[in-house]
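Participant: Pasting a structure below so you can have a look.
There are 2 protein chains.
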Amino acid sequence: MDSDFGIPRELSPLQQLRSQYQPELPPCLQGTTVRVELGDGTTVSEASDSHIIARAFPHTLGQPLAHFLRETAKVSDAHIITQLPSIRVGIVFCGRQAPGGHNVIWGLYEALKVHNAKSTLLGFLGGSEGLFAQKTLEITDDILQTYKNQGGYDLLGRTKDQIRTTEQVNAALKACIDLKLDGLVIIGGVTSNTDAAHLAEFFAEAKCSTKVVGVPVTTNGDLKNQFVEANVGFDTICKVNSQLISNACTDALSAEKYYYFIRLMGRKHSHVALECTLQSHPNMVILGEEVAASKLTIFDISKQICDAVQARAGQDKNHGVILIPEGIIESIPEVYALLKEIHGLLREGLLLHPESDDSAQLSQIETEKLLAYLVETEMNKRLKEGTYKGKKFNAICHFFGYQARGSLPSKFDCDYAYAMMTVKNWSQNAGSTSTSIGRPAIHPAMVDLKGKAYELLRQNADKFLMEDLYRNPGPLQYDGPGADAKAVSLCVEDQDYMGRIKKLQEYLDQVRTIVKPGCSQDVLKAALSVMASVTDVLTTISSSSNGGQQTA
Amino acid sequence: MDSDFGIPRELSPLQQLRSQYQPELPPCLQGTTVRVELGDGTTVSEASDSHIIARAFPHTLGQPLAHFLRETAKVSDAHIITQLPSIRVGIVFCGRQAPGGHNVIWGLYEALKVHNAKSTLLGFLGGSEGLFAQKTLEITDDILQTYKNQGGYDLLGRTKDQIRTTEQVNAALKACIDLKLDGLVIIGGVTSNTDAAHLAEFFAEAKCSTKVVGVPVTTNGDLKNQFVEANVGFDTICKVNSQLISNACTDALSAEKYYYFIRLMGRKHSHVALECTLQSHPNMVILGEEVAASKLTIFDISKQICDAVQARAGQDKNHGVILIPEGIIESIPEVYALLKEIHGLLREGLLLHPESDDSAQLSQIETEKLLAYLVETEMNKRLKEGTYKGKKFNAICHFFGYQARGSLPSKFDCDYAYAMMTVKNWSQNAGSTSTSIGRPAIHPAMVDLKGKAYELLRQNADKFLMEDLYRNPGPLQYDGPGADAKAVSLCVEDQDYMGRIKKLQEYLDQVRTIVKPGCSQDVLKAALSVMASVTDVLTTISSSSNGGQQTA
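These protein sequences, in sequence, are chains A and B. Residues in the first sequence are numbered from 1 upward in steps of one, following the UniProt record's numbering. Residues in the second sequence are numbered from 1 upward in steps of one, following the UniProt record's numbering.
What follows is the structure, encoded as structure tokens:
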């Protein structure tokens, strides 16, 4: 197996072109000088968790945020680093592959070499197993040639996803010590970054000098918070899926006799489904977060679809496209229990694919087929009763996921992943850390039902349902219109969190300047009174709105 | 329903760009002057069928082939047409939608207007039902604006696919007479073009002056013969599917624990699967034509896959991608019968999608799941017995078809479809007409197991199987590398059939010039002797090789 890693391979003409693409670095990361401003320590998102988290992360919690500054930035107390010692860094793919993963390696390699040509980057072969067994491949420019801007994780491979048990963390520690690593970079999603946070704490406790860095690379888009606005891979996945959903929309509109029930990979939360809806405008989407918030049963959902089918038939429309996030099933407890039982019974059946392991379970539950069946049964009933007068209901079911995961990464993901190596130490400060059966873990971010992306969906949902405003973004392009398109949800959401934190600090500084010793009694009184009520208001809001902070 | 046809719609940036693309016409179709050379009448491919075909098509069989000539061509007896009267033409989408269909309408519209601005093009709304009911939409440049180079059939829609019963052909006749049509253009696949051929004969018999024209637009790529080298839509479908297959390959190689069983839409024959294999190099493909030729049972096929899995595991490869054409099931009679029975039994089951109608049956049979199950069972058995020592076998099943059909058409399909309107009267001369339960029908072309495309596959099959030479052509591009790529099978197959017919005629002319009255006895004797044996040889070959001619 290992002999195949890192070998050069033949690229198609498009792959060749892409391999020559040079991602652009943000200004603060260009050049050989690093300018860092250390900000405040961070707070936890839920005040009630702070004790548990403080106990779990005594060495790593509350570190200052590091801001990288562009050359022209005027910050008096910036740390300016012009010479870096040669360092040794290990990097490992953990968890499901996402487009752009290779660029994290490439970007890190270039950054290390730019600062000191003697620095070394070691790739662990075969995921965390390679880390435990110390199987490495030294990354060189030659090795990277046919992997730059390419999809998959096949440069290094990945297998098991966990670094959790005592045996595993000890093996990881031993590997870092044996290989004299200054840093260990873990590329992965929510689970892997939780592991990274715990590993960092474990290393600090063990006085191991290896810094652990988690890089949020996941197609689910659920590793979001105030500091991490997007995940590597999400943009590509949503574009590839939107292309396919749009094709199904065009197909539905041409044939005028099918309803497509399309289930989308994306784990528990519905970020992928929401983004794809905003990109391709199918008739309907049912978000897991909506189902949970409204406590809908499977029959509620099915009835909702049936009513939509009936309303559309009233306008002579006997086709449609409905998106179903794979995670929706977890939001309907009674169905989740039922399906588990059915799957058990059918495991010996002929046509049902057996589950491979626990983690694959969600993608194996064919919710779209169950819903299509329930809707068909109900529409046939309504047809007989005469309440529904449209064509016989016809569903075609799809599951989109695996076929998008291996895609060539979009320009956005190429650029984002390439610049990603600088997000250091973020995992333990990410804010959304919380408890989960005794062990604090990063919670995957939900779709924020109060957020702007969801608001955009709600504003258009009726029109999407009835008017077939299908939008076809087309296949992923690397040139011309659409090539530089960003995710809709990324564009509409409030993103400048850190900018606003800065603005607030400016206000506070201004007040401090105005109210210096020597100012008039009136000014001081006014300031005291106003600030007392400001503090009051914020304290009240903070304690009541914590639940909504997670995805702010 | 009808009110929505032809309405302008909002296009995505990429769609907008594409709508401004102007396909290029071949030189012979440029300008306002038409130069036509009428060639020989055609022969039928199977001599034994000639009587039946002659009886079915007394008015339309054996018409001369029309060659369109470029301005610079020197052909003394070319018909040169510089002025065309204004004409009225109807056009209808029949059969399953294929990318590029809209461009046939656009191309025809432009051609009509270039030759006479007063000509009229009427689109029938809702397929053949619209034809029978005379529901039309006059095509204008305004209407075409947002449909140029776009996928789907939604400009006019399509419903039922048949023009066959007495009632139907009479309704079609009445529509053409009532609407005073000079031509009726039927856009469709094998079935629709068979209908077109019969309709042309019926019209000629009825002394209706409407000319019937069939245009081969089908994603299956099975409407091929000496005169029709490719079908509109096939290029796009293969590119979109190849993108997805390649993504699955990358995914397999990254995760190293899955076997993907991917079934491809394409009807009875395996053109799509062959082309996708040549584009994306998955580990294995099982063509229906191979199965039929070798009389393989489902267990033979399953064993073949198991042996491959075992051989790969011997090289530490526990992943792979296997393509399965949907039509393979028809090549295994015992399984076809079995599955029909199982489907009947399971129709009341919870998770199996019921068949919508006879024509959808093939796409509803989940052959990939059956094969994955058989392979899994066998591999588990071998694992227990110790003959197989790899990882536990894990399959993920996919069906790719619907999600490709509605795609934006590739540049090739845009250009080809736009120029297509000139393929007149081809259907009844297409050569592969043959009998089918009393009614002559166009046979879908099989993959030619003696052809160059298949040879290319055989040459590489072992390497593809063992060496993971996955090739990722990437998403469909409209600019840069890959944008002008043609189907591999189209490039490697002998395509210049008409060119070679011309070359032969030149040889015959040369012999005639050399052996004119006045030539020497020796020359005449030599010529006679040689031509006698040439005639002999060709007669022998002709009567023995007819079976292989269909896809030549």
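No residue lacks a Cβ here, since even glycine has one placed at the ideal position from N, Cα and C.
(1) Classify A/ARG55: buried if its beta carbon has 16 or more other beta carbons within 10 angstroms, exposed otherwise.
(2) Quick check on the DSSP output: the alpha helix (DSSP H) that includes B/ARG263 runs from which residue to which?
(3) Shortest alpha-carbon distance to B/ASP484 belongs to which of B/LEU253, B/THR540, B/PHE464 and B/CYS414?
(4) Please go through the region 49-121 of chain A and give each complete beta strand (DSSP E) segment of 3 or more residues, from N-terminal end onward.
(5) Would you mind reading off the limits of the alpha helix (DSSP H) that contains B/ASP40?
(6) Mapping the DSSP letters down to three states, classify A/GLY214 as helix, strand or coil.
(7) So B/GLY126 packs on B/GLY151, CB below 8 Å; how close in whole Å?
(8) Flag this pair as yes or no: are the beta carbons of residue 633 of chain B and B/ALA117 separated by less than 8 Å?
(9) With distance defined between alpha-carbon atoms, name the residue in A/LEU370, A/LYS503, A/THR377 and A/ARG382 nearest to A/HIS398.
(10) So who's on the other strand from residue 553 of chain B, going by DSSP bridges?
(11) Please confirm if B/VAL534 has its CB atom under 8 Å from at least one CB of chain A.
(12) Give a yes or no on whether 8 Å exceeds the smallest Cβ distance from A/CYS249 to chain B.
(13) Just tell me which of B/MET420, B/ASP307, B/PRO409 and B/THR210 has its CA closest to the CA of B/ARG18.
(14) What does DSSP give as the partner residues of A/HIS398 in its beta bridges?
(15) Can you tell me whether DSSP reads A/GLY127 as helix, strand or coil?
(16) Can you give me, in chain order, the residues of the region 380-403 of chain B that have a beta carbon less than 7 Å from any beta carbon in chain A?
(17) If residue 575 of chain B and B/ILE332 are in contact, beta carbons under 8 Å, what's the gap, nearest whole angstrom?
(18) Identify every residue that forms a DSSP beta bridge with A/GLU138.
(19) Buried or exposed: A/VAL523, going by 16 or more other Cβ atoms within 10 Å of its Cβ?
(20) 8 Å is my cut-off, CB to CB: does B/SER19 come that close to chain A?
(21) Using 8 Å as the threshold, is the C-beta distance between A/GLN477 and B/TYR478 below it?
(22) Determine, using beta carbons only, whether A/GLN162 comes closer than 8 Å to chain B.
(23) Rounded to whole angstroms, what's the CA-CA distance from B/ILE328 to A/ILE139? Just pull it up for me.
(24) If you measure between the beta carbons of B/ALA66 and B/ARG35, is that distance less than 8 Å?
(25) Hey, does B/SER192 have any beta-carbon neighbour from chain A nearer than 8 Å?
(26) Name, please, each residue of chain A whose Cβ falls closer than 7 Å to the Cβ of B/GLN15.
(27) Does DSSP put B/SER359 in a helix, a strand or coil?
(28) Using a Cβ-Cβ cut-off of less than 7 Å, list which residues of the region 480-508 of chain B approach chain A; keep chain order.
(29) For B/LEU253, go through chain D and note every residue whose CB falls closer than 9 Å to its CB, in chain order.
(30) For A/LEU490, which three-state DSSP category applies?
(31) On a Cα-Cα basis, can you pick out the residue from A/TYR402, A/GLN459, A/GLU493 and A/ALA441 that is closest to A/ALA98?
(32) Determine the closest residue to A/VAL75 out of A/GLU46, A/LEU38 and A/ALA308, with distance taken between C-alpha atoms.
(33) Taking 8 Å as the cut-off, does the region 453-464 of chain A touch the region 269-277 of chain A (at least 3 CB pairs, one atom from each stretch)?
(34) Looking only at its chain, what residues have a beta carbon closer than 6 Å to the beta carbon of A/GLN310, apart from the 5 residues adjacent to it on each side?
(35) I'd like to confirm the pairing. Which residues does DSSP put opposite B/MET284 in its beta bridges?
(36) Going by C-alpha distance, which of A/ASN318, A/ASN193 and A/SER254 is nearest B/ARG405?
Facilitator: To lay it out plainly:
(1) exposed
(2) Note, B/ARG263: premise wrong, no alpha helix (DSSP H); beta strand (DSSP E) at 259-264.
(3) B/CYS414
(4) Those beta strand (DSSP E) runs which fall completely within the region 49-121 of chain A and span 3+ residues are 64-68, 79-81 and 88-93.
(5) That residue, B/ASP40, is in no alpha helix (DSSP H); its beta strand (DSSP E) goes 34-41.
(6) Note: A/GLY214 maps to strand in three-state DSSP.
(7) With a Cβ gap of about 18 Å, B/GLY126 and B/GLY151 do not count as contacting.
(8) In this structure chain B extends from 1 to 552, so residue 633 of chain B is not present and cannot be described.
(9) A/LEU370
(10) Past the edges of chain B, shown from 1 to 552, lies residue 553 of chain B, and the structure says nothing about it.
(11) no
(12) For A/CYS249, the answer is yes, since a Cβ of chain B falls inside 8 Å of its Cβ.
(13) Comparing Cα-Cα distances from B/ARG18 to each of B/MET420, B/ASP307, B/PRO409 and B/THR210, the minimum goes to B/PRO409.
(14) Answer by DSSP bridge pairing, in chain order: A/ILE262.
(15) helix
(16) Going along the region 380-403 of chain B in chain order, one finds ASN394, ALA395, ILE396, CYS397, HIS398, TYR402 and GLN403 with a Cβ nearer than 7 Å to chain A.
(17) Look at the range of chain B in this structure, 1 to 552, and you will see that residue 575 of chain B is not part of it.
(18) A/LEU122
(19) exposed
(20) no
(21) In terms of Cβ geometry, A/GLN477 and B/TYR478 form a close pair [threshold 8 Å].
(22) no
(23) 45 Å
(24) no
(25) no
(26) ASN472 and GLY474
(27) Note that B/SER359 has pLDDT 35, beneath the 50 cutoff, so the model's placement of it is unreliable and no number is given.
(28) GLY480, PRO481 and GLY482
(29) In the displayed structure, chain D is absent; the protein chains listed are A and B.
(30) helix
(31) A/TYR402
(32) Of the candidates A/GLU46, A/LEU38 and A/ALA308, the one whose C-alpha sits nearest the C-alpha of A/VAL75 is A/LEU38.
(33) yes
(34) The residues are TYR388.
(35) B/ILE322
(36) A/SER254
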